[in-house]
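Worksheet for the structure shown next.
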Amino acid sequence: NEEDNVIQLDNLEDNLPHLPPRIPGPKLQQDIVDIITRFRLYRHAFTADIEKMYRQISVLPTYRKYQHIVWRESPHDKLCDYELHTVTYSVNCAPFLALRVF
């Protein structure tokens, strides 16, 4: 069983700077009823893994500095900083970026 990646923004200590709350924007996706109705109109169809789709969207190098993961295996290890080059699944802006690109 694959473990889900969890991005937790609300569990910061009081002495660290806080990120602004995630404010959802307008609904970007179509209703599932409309999608299923149109799906049945055509003879051929295809499916895709939406989560893997985000790994195909590259972020421009000028914006990569805003997407980092700080990681360590145990509390005694040194922190490692990783710069992300693709869109992160499950963040607020991911649906917008997916619709903007494709």
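Numbering (my numbering), first residue to last: 9 to 110. No residue lacks a Cβ here, since even glycine has one placed at the ideal position from N, Cα and C.
Contact check for Pro103 and Leu36: beta-carbon distance about 5 Å, within the 8 Å limit, so the pair qualifies. As DSSP reads the structure, Ile77 sits in a beta bridge with Tyr90. By the Cβ-count criterion, Val95 is buried, with 16 or more other Cβ atoms from all chains shown falling within 10 Å of its own Cβ. The Cβ atoms of His76 and Asp89 sit closer than 7 Å to each other.
Separation of Arg51 and Thr70 (C-alpha to C-alpha, rounded to the nearest whole angstrom) is 43 Å. When the Cα atoms are used, Ser66 and Glu59 turn out to be separated by approximately 14 Å. Considering only His93, Tyr97, Arg108, Arg80, the residue with the shortest C-alpha distance to Lys73 is His93.
Boundaries of the alpha helix (DSSP H) harbouring Lys60: 58–62, taken from the DSSP string. In terms of CA proximity to Arg108, Met61 leads the group Ile40, Glu91, Met61.
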